[in-house]
Amino acid sequence: MFSKLAVKNVVRSVRDYSVYFITLLFGVCVFYVFNSMESQTVMGYLGGGTSPYVQTILMLIDVISVFVSVVLAFLILYANTFMIRRRKRELGTYLLLGMERGKVSILLFLETLCIGLLALAAGLLLGVFLSQFISVFTAGLFSIHMTEWHFVFSPKAVGKTCLYFGVIFVLVMMFNSLSVSRCRLLDLMQAERSNQDLKLKSVGASVVMFLVGVALLIIAYAMLLQRGLFRVDGLFWLMLGLGSLGTLLFFRSLSGFLLRVCQRNKKLYYRGLNMFILRQFNSKINTTYVSMTVICLMLLLAIGITATSLGLNNTVEGLSSGKSPYDVSVYFWPSEGGAPAELEQWLAAGGFDPEEELEERMVYETAQVEFEPVRYELGGREVPLSSLSALSLSDCNALLALQGLPPLELGEDEYGLLWGTYEADYSLVKALWEDQPTLSVAGTTLTPQPGAETSAIIRTGTSRYESMLILPDQFLEGRPADSVVLVGNYPAGADVQAADARLEEAMHSLVPRDYESGDGGYGYGWDTRLGVYMDTMGSKILVLFIGIYLGIIFLLTSAAVLALQQLSQAADNAGRYRILARLGVEESMRDRSIYVQIFLYFFLPLALAVVHSIVGMTAANAAIAEVGHVDSVSSSVATAAFILVVYGAYFLATCAGSRRIVRGR
Amino acid sequence: MDAILTVEHLQKYYGSRGSVTRAIDDVNLRVEPGEFVGIMGASGSGKTTLLNCISTIDAPTSGRIFVEGRDITTLKSRELSRFRRERLGFVFQDCNLLDTLTAFENIALALTILKTPAGEIEGRVQKTAGLLGIADCLNKYPYQLSGGQRQRTAAARAIITDPALVLADEPTGALDSKSARLLLERFEALNEARGTTILMVTHDAFTASYCRRILFLRDGKSFTELVRGNDSRKAFFGKIIEVVTLLGGACDDVL
Numbered sequence: 006m007f008s009k010l011a012v013k014n015v016v017r018s019v020r021d022y023s024v025y026f027i028t029l030l031f032g033v034c035v036f037y038v039f040n041s042m043e044s045q046t047v048m049g050y051l052g053g054g055t056s057p058y059v060q061t062i063l064m065l066i067d068v069i070s071v072f073v074s075v076v077l078a079f080l081i082l083y084a085n086t087f088m089i090r091r092r093k094r095e096l097g098t099y100l101l102l103g104m105e106r107g108k109v110s111i112l113l114f115l116e117t118l119c120i121g122l123l124a125l126a127a128g129l130l131l132g133v134f135l136s137q138f139i140s141v142f143t144a145g146l147f148s149i150h151m152t153e154w155h156f157v158f159s160p161k162a163v164g165k166t167c168l169y170f171g172v173i174f175v176l177v178m179m180f181n182s183l184s185v186s187r188c189r190l191l192d193l194m195q196a197e198r199s200n201q202d203l204k205l206k207s208v209g210a211s212v213v214m215f216l217v218g219v220a221l222l223i224i225a226y227a228m229l230l231q232r233g234l235f236r237v238d239g240l241f242w243l244m245l246g247l248g249s250l251g252t253l254l255f256f257r258s259l260s261g262f263l264l265r266v267c268q269r270n271k272k273l274y275y276r277g278l279n280m281f282i283l284r285q286f287n288s289k290i291n292t293t294y295v296s297m298t299v300i301c302l303m304l305l306l307a308i309g310i311t312a313t314s315l316g317l318n319n320t321v322e323g324l325s326s327g328k329s330p331y332d333v334s335v336y337f338w339p340s341e342g343g344a345p346a347e348l349e350q351w352l353a354a355g356g357f358d359p360e361e362e363l364e365e366r367m368v369y370e371t372a373q374v375e376f377e378p379v380r381y382e383l384g385g386r387e388v389p390l391s392s393l394s395a396l397s398l399s400d401c402n403a404l405l406a407l408q409g410l411p412p413l414e415l416g417e418d419e420y421g422l423l424w425g426t427y428e429a430d431y432s433l434v435k436a437l438w439e440d441q442p443t444l445s446v447a448g449t450t451l452t453p454q455p456g457a458e459t460s461a462i463i464r465t466g467t468s469r470y471e472s473m474l475i476l477p478d479q480f481l482e483g484r485p486a487d488s489v490v491l492v493g494n495y496p497a498g499a500d501v502q503a504a505d506a507r508l509e510e511a512m513h514s515l516v517p518r519d520y521e522s523g524d525g526g527y528g529y530g531w532d533t534r535l536g537v538y539m540d541t542m543g544s545k546i547l548v549l550f551i552g553i554y555l556g557i558i559f560l561l562t563s564a565a566v567l568a569l570q571q572l573s574q575a576a577d578n579a580g581r582y583r584i585l586a587r588l589g590v591e592e593s594m595r596d597r598s599i600y601v602q603i604f605l606y607f608f609l610p611l612a613l614a615v616v617h618s619i620v621g622m623t624a625a626n627a628a629i630a631e632v633g634h635v636d637s638v639s640s641s642v643a644t645a646a647f648i649l650v651v652y653g654a655y656f657l658a659t660c661a662g663s664r665r666i667v668r669g670r
Numbered sequence: 093m094d095a096i097l098t099v100e101h102l103q104k105y106y107g108s109r110g111s112v113t114r115a116i117d118d119v120n121l122r123v124e125p126g127e128f129v130g131i132m133g134a135s136g137s138g139k140t141t142l143l144n145c146i147s148t149i150d151a152p153t154s155g156r157i158f159v160e161g162r163d164i165t166t167l168k169s170r171e172l173s174r175f176r177r178e179r180l181g182f183v184f185q186d187c188n189l190l191d192t193l194t195a196f197e198n199i200a201l202a203l204t205i206l207k208t209p210a211g212e213i214e215g216r217v218q219k220t221a222g223l224l225g226i227a228d229c230l231n232k233y234p235y236q237l238s239g240g241q242r243q244r245t246a247a248a249r250a251i252i253t254d255p256a257l258v259l260a261d262e263p264t265g266a267l268d269s270k271s272a273r274l275l276l277e278r279f280e281a282l283n284e285a286r287g288t289t290i291l292m293v294t295h296d297a298f299t300a301s302y303c304r305r306i307l308f309l310r311d312g313k314s315f316t317e318l319v320r321g322n323d324s325r326k327a328f329f330g331k332i333i334e335v336v337t338l339l340g341g342a343c344d345d346v347l
């Protein structure tokens, strides 16, 4: 009998408190999906659990999951409080009928257990289902070719989800027993009659407040656009403060302002239930403006994080493809006066024979050339420039040919320019290339050849190199090399991972013991296309997953809080709608009024958050444009779609729930 | 002249087989235009059920109710809403004003849901408020008004649409005697000056004495009927008390 009552209550709860259930469901689902990351196809491709990228990602997800579970715990407790408050009368009846407090506590305990198990099961099911999609989606995002589709399932994540949510449910149970044992029967029975205090403030003041709020927002926007997003100083905090205060004032006064504006327009004000809707909205604003502000800022975070991480992801992708023109590059920096490097032999001795391993390859050297100083202004001072690295024309053309690019043409006494990836020298070299002076190298005067300029990348790797002069071959003969580089490509169909492993092995003991290093030290390094790719992909996944994870959680939280607030307001409004029904207002008109009110509460914070984030993204773009460009269109579309789904689900559930409450079931 | 309201053989049963409660058992009633009719009875006598059936909030088990010759028991839900807002006016015991709207807006609401042109609204609200003596407190919210003012605001909302019939359910139930008298005098004046037809349910003899005709209910059946005729209100009150005494111990809440 006892458990039958509990089960009956649960069935009713799922129907009546769908928002509570949806929140639990989404929470479990999101939590599982992100904690099951390690079993995703992408992770396997990154090298599985042993790869440092995967370990970093998993560790960060672990840490953030703790934070997320705290947020979810508060949310679920809040939702639970709302549910208990709505059921006070029912609980009072149990007590009145002589059921002991302990028994009522156990009843609630059983109910929470049932709902928890139900939500856990449903959420895990949804999560497992969703992670299949995410698996395909991310594989596509990282241009991994999936040869076969396989089912993604992580028992470890299931265990973790159960553990975390188990703890949360235990907290909820404890909280429920506490609230049952503390409350007085009289309060429970009269809960529905508890009067809500109506504070109706002057409408005139809100017009002034609205204007001040908008002015503050405009000032904050102007500061943001002017200063950019990433200058964190005193003014930055002032800007944040102004923005938040502006948002607060905006919501505090918006309803009054709308009311005043609509009252001016009699036709609009005296049409159907408009008057009622506006007054209704205005009467609640005192209790809701703070939460609307918080929700607006939370939404802003969600939108910002999601859009930026999606956008940054595209940026990183754009950067990485240009970075690795060759499958392999090995570099050696000899010391001054040392013996010439014999990279190929050394590698062959270490077990990686370039001749066998690489289908196309070449070794090039760069050397430092001195010339009569030319002077250019840099940071308000004249700075002399008297030497640059140089690359011979034939080496340069061979490198270009490997990438399938057309060769450069250079006369006997001419020089060209190869742009480096090291921006620090840009301004000086830029000044040189704009000025196009003649250079006197080893007694010969060289004239610039404006056509001989390239910004092709000449080695694979994330480390940078300086801009170089391109000189006819004879100028470099006999000069000591300041770097020797081997670049090459594997034959088609080669086992790249195994070959990379052999190269790594060979690199461990690259330089033979009898190498004469001269006076100074030497250095060497290597990079492979796969390695660079893994590197960027690792950070991509990191940014993307963490961003979306947090974005979803913030969104979920704000939507759930809004929904719960609206539902508890619907309970207060039930009486008012009864009066309207008696006055002969049709059901469709009453429903419309409910929907409009809920829509206002959902839409207004979202609208302002969107405006905030558009301004914020514009400012962020200006800063990020230096590194790359955040692809704002596609990421905004993805963000919008995602927000619509989660927010929309809550909106619809709230509408249905409110309608049911108002109609009195 | 056709009757405004005709109730024929109205029955309303609650409960299922085995235990049937006859809240209303074969009640007949006819109200002519311009009448001020009271319905009296102890609690449980079926007077509120009768009113609910007439006001289309509740559906009768059998019998017919005609308002202006139209059978309202056969109307569909949409038509019922329409009928309520166009032909009926309500005044309830707990006045049922919307607490978020000012008195003015509460009265105007009855017009806006009828899609009255915005230009007409202010004039009509002012005029009706003048009739009920609340013209000077129109900009106040219900919680700033006294109980009597609230009830008169509700009355203004009920009559502003010129309904065929005003239904009042214990309108003085929550008022002190002075406010009650003020309200009833207004009802009387509306009835005489504008010819508003009023049907009022009450268990209070003093309130009932303002009516022109009173129908007494007992256990769901009509018990007797009193017509004021040319009696003074005081004499009529005396007769009412007599009937109430006749009704017996069931009316222990009277006096």
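Keeping their order, the protein sequence lines are chains R and Z. According to the working numbering, the first sequence is numbered sequentially starting from 6. According to the working numbering, the second sequence is numbered sequentially starting from 93. Cβ coordinates follow ideal geometry from the N, Cα and C atoms, glycine included.
(message) Give me the subset of the segment 209-225 of chain Z whose CB atoms are less than 7 Å from a CB atom of chain R, sorted by chain position.
(response) Within the segment 209-225 of chain Z, the qualifying residues are 210, 213.
(message) So the candidates are R:607, R:42, R:653; which of them puts its Cα closest to the Cα of residue 298 of chain R?
(response) Here the question's residue 298 of chain R lines up with position 293 in the first sequence. Scanning R:607, R:42, R:653 for the CA closest to the CA of residue 298 of chain R turns up R:607.
(request) Check the C-beta distance from residue 64 of chain Z over to residue 125 of chain Z and give it rounded, since I have them as a contact under 8 Å. (result) Outside the modelled stretch of chain Z, which goes from 93 to 347, sits residue 64 of chain Z, for which no answer is possible.
(request) Answer yes if the segment 518-535 of chain R comes into contact with the segment 395-414 of chain R, meaning at least three C-beta pairs across the two stretches below 8 Å, and no otherwise. (result) The segment 395-414 of chain R makes no contact with the segment 518-535 of chain R: fewer than 3 CB pairs, one atom from each, lie closer than 8 Å.
(message) Quick check: what's the CA-CA separation for residue 122 of chain Z versus residue 297 of chain Z?
(response) Taking the second sequence and counting its residues from 1, one reaches residue 122 of chain Z at position 30. Taking the second sequence and counting its residues from 1, one reaches residue 297 of chain Z at position 205. Taking the straight line from one Cα to the other gives about 22 Å.
(request) Using a threshold of 7 Å, state whether the C-beta atoms of residue 285 of chain R and residue 294 of chain Z are closer than that. (result) What you label residue 285 of chain R is simply residue 280 of the first sequence in a count that begins at 1. What you label residue 294 of chain Z is simply residue 202 of the second sequence in a count that begins at 1. Their beta carbons are not under 7 Å apart, which means residue 285 of chain R does not touch residue 294 of chain Z by this criterion.
(message) Any beta carbon from chain Z within less than 7 Å of residue 584 of chain R's own beta carbon?
(response) As a working note, residue 584 of chain R is residue 579 in the first sequence. Judged by the 7 Å Cβ criterion, residue 584 of chain R is in contact with chain Z.
(message) Could you tell me which whole alpha helix (DSSP H) segments of length 4 or greater appear in the segment 410-461 of chain R?
(response) As far as the segment 410-461 of chain R is concerned, its whole alpha helix (DSSP H) runs of at least 4 residues are 431-440.
(request) For my contact list, residue 493 of chain R and residue 366 of chain R are in at a C-beta cut-off of 8 Å; report their separation, rounded to the angstrom. (result) Taking the first sequence and counting its residues from 1, one reaches residue 493 of chain R at position 488. Taking the first sequence and counting its residues from 1, one reaches residue 366 of chain R at position 361. 3 Å between Cβ atoms; contact.
(request) Whole angstroms is fine: what's the gap from residue 155 of chain Z's alpha carbon to residue 290 of chain Z's? (result) Within the second sequence, numbered from 1, the residue matching residue 155 of chain Z stands at position 63. Within the second sequence, numbered from 1, the residue matching residue 290 of chain Z stands at position 198. Rounded to whole angstroms, residue 155 of chain Z to residue 290 of chain Z spans 22 Å at the Cα level.
(request) Out of Z:282, Z:184, Z:98, point me to the one whose CA is closest to residue 243 of chain Z's CA. (result) Reading the second sequence from its first residue, position 151 is the one you call residue 243 of chain Z. Closest option to residue 243 of chain Z, Cα to Cα, is Z:184.
(request) For residue 188 of chain Z, go through chain R and note every residue whose CB falls closer than 9 Å to its CB, in chain order. (result) To locate residue 188 of chain Z, count along the second sequence from 1; it is residue 96. The contacting residues are 580, 583, 584, 587, 588.
(request) Could you tell me the boundaries of the beta strand (DSSP E) in which residue 128 of chain Z lies? (result) If you number the second sequence from 1, residue 128 of chain Z lands on position 36. It spans 128-132 - the beta strand (DSSP E) in which residue 128 of chain Z sits, taken as one unbroken run.
(message) I need the straight-line Cα distance from residue 289 of chain R to residue 264 of chain Z, nearest angstrom please.
(response) Position 284 of the first sequence, counted from the start, is the residue given in the question as residue 289 of chain R. Position 172 of the second sequence, counted from the start, is the residue given in the question as residue 264 of chain Z. Looking at the two C-alpha atoms, the distance is approximately 31 Å.
(message) What would DSSP say about residue 373 of chain R, mapped onto helix, strand or coil?
(response) Along the first sequence, read from residue 1 onward, the residue named residue 373 of chain R stands at position 368. In this structure, residue 373 of chain R counts as strand in the three-state DSSP scheme.
(request) Please classify residue 156 of chain R: does DSSP put it in a helix, a strand, or coil? (result) Translated into positions along the first sequence, residue 156 of chain R becomes position 151. Reduced to three states, the DSSP call for residue 156 of chain R is coil.
(message) I need the boundaries of the beta strand (DSSP E) containing residue 104 of chain Z, first residue and last residue.
(response) Stepping through the second sequence from its first residue, residue 104 of chain Z is reached at position 12. Where residue 104 of chain Z is concerned, the enclosing beta strand (DSSP E) stretches over 97-106.
(message) residue 245 of chain Z and residue 350 of chain Z - do their beta-carbons sit closer together than 7 Å?
(response) Residue 350 of chain Z lies beyond the stretch modelled for chain Z, which goes from 93 to 347, so this question has no answer here.
(request) Consult DSSP for residue 558 of chain R and reduce its assignment to one of helix, strand or coil. (result) Counting from one through the first sequence, the residue named residue 558 of chain R turns up at place 553. Residue 558 of chain R: helix per DSSP, three-state reduction.
(request) Report buried or exposed for residue 362 of chain R, applying the criterion of at least 16 other Cβ atoms within 10 angstroms of its Cβ. (result) Start at 1 with the first residue of the first sequence, and residue 362 of chain R comes out as number 357. Classification for residue 362 of chain R: buried.
(message) Could you check whether residue 117 of chain R and residue 565 of chain R sit closer than 7 Å to each other, using their CB atoms as the reference points?
(response) The residue labelled residue 565 of chain R in the question sits at position 560 within the first sequence. The residue labelled residue 117 of chain R in the question sits at position 112 within the first sequence. Note that the C-beta distance between residue 565 of chain R and residue 117 of chain R is not below 7 Å.
(message) Restricting to runs no shorter than 4 residues, where is the alpha helix (DSSP H) found entirely within the segment 40-127 of chain R?
(response) For the segment 40-127 of chain R, whole alpha helix (DSSP H) runs of length 4 or above, ordered along the chain, are 46-51, 57-91, 93-101.
(request) Report, in whole angstroms, the separation of the C-beta atoms of residue 181 of chain R and residue 85 of chain R, which I expect to be a contact under 8 Å. (result) To locate residue 181 of chain R, count along the first sequence from 1; it is residue 176. To locate residue 85 of chain R, count along the first sequence from 1; it is residue 80. Right, their Cβ atoms sit about 7 Å apart.
(message) Under 7 Å, Cβ to Cβ, is there at least one residue of chain Z near residue 591 of chain R?
(response) Numbered from its first residue, the first sequence carries residue 591 of chain R at position 586. By this cut-off, residue 591 of chain R is an interface position.
(message) Our contact map puts residue 538 of chain R next to residue 338 of chain R with C-beta atoms below 8 Å; I'd like the distance itself, whole angstroms only.
(response) As a working note, residue 538 of chain R is residue 533 in the first sequence. As a working note, residue 338 of chain R is residue 333 in the first sequence. Wrong, their Cβ atoms sit about 25 Å apart, outside the cutoff.
(message) As an exercise, report each continuous alpha helix (DSSP H) stretch of at least 4 residues that is fully enclosed by the segment 208-278 of chain Z, in chain order.
(response) As far as the segment 208-278 of chain Z is concerned, its whole alpha helix (DSSP H) runs of at least 4 residues are 210-223, 239-251.
(request) For chain Z, find out if any of its Cβ atoms is closer than 7 Å to the Cβ of residue 90 of chain R; answer yes or no. (result) On the first sequence, position 85 is the one that residue 90 of chain R refers to. So no, residue 90 of chain R is outside the interface.
(message) With three or more beta-carbon pairs closer than 8 Å as the criterion, would you say the segment 29-39 of chain R touches the segment 56-74 of chain R?
(response) With the cut-off at 8 Å, the segment 29-39 of chain R and the segment 56-74 of chain R touch.
(request) Could you work out which residues of chain R lie near residue 204 of chain Z, taking near to mean beta carbons separated by less than 9 Å? (result) Position 112 of the second sequence holds residue 204 of chain Z. The answer, in chain order, is 274, 275, 276, 277, 278, 279, 280, 281.
(message) For a quick check, are the C-beta atoms of residue 395 of chain R and residue 374 of chain R less than 7 Å apart?
(response) Residue mapping note: residue 395 of chain R aligns to position 390 of the first sequence, counting from 1. Residue mapping note: residue 374 of chain R aligns to position 369 of the first sequence, counting from 1. Going by C-beta atoms, residue 395 of chain R is nearer than 7 Å to residue 374 of chain R.
(request) Would you identify the three-state DSSP class for residue 120 of chain Z, choosing helix, strand or coil? (result) Locating residue 120 of chain Z in the second sequence gives position 28, where the first residue counts as 1. Reduced to three states, the DSSP call for residue 120 of chain Z is strand.
(request) Output yes or no for whether 7 Å exceeds the beta carbon distance between residue 505 of chain R and residue 535 of chain R. (result) Looking up residue 505 of chain R in the first sequence gives position 500. Looking up residue 535 of chain R in the first sequence gives position 530. A contact, by the Cβ cut-off of 7 Å.
(message) Below 7 Å on C-beta distance, what does residue 288 of chain R contact in chain Z?
(response) Taking the first sequence and counting its residues from 1, one reaches residue 288 of chain R at position 283. Contact note: residue 288 of chain R reaches chain Z through 192, using a C-beta cutoff of 7 Å and chain order.
(request) Out of Z:135, Z:339, Z:299, Z:307, state which residue places its alpha-carbon closest to the alpha-carbon of residue 326 of chain Z. (result) Counting from one through the second sequence, the residue named residue 326 of chain Z turns up at place 234. If we check each option's Cα against that of residue 326 of chain Z, Z:299 comes out closest.
(request) Below 8 Å on the Cβ atoms is my guess for residue 218 of chain R versus residue 251 of chain R; work out the distance and round it to an integer in Å. (result) Residue 218 of chain R sits at position 213 when you count from the first residue of the first sequence. Residue 251 of chain R sits at position 246 when you count from the first residue of the first sequence. With a Cβ gap of about 5 Å, residue 218 of chain R and residue 251 of chain R count as contacting.
(message) I want to see whether chain R comes within less than 7 Å of residue 182 of chain Z, judged by CB atoms only; does it?
(response) Numbered from its first residue, the second sequence carries residue 182 of chain Z at position 90. So yes, residue 182 of chain Z belongs to the interface.
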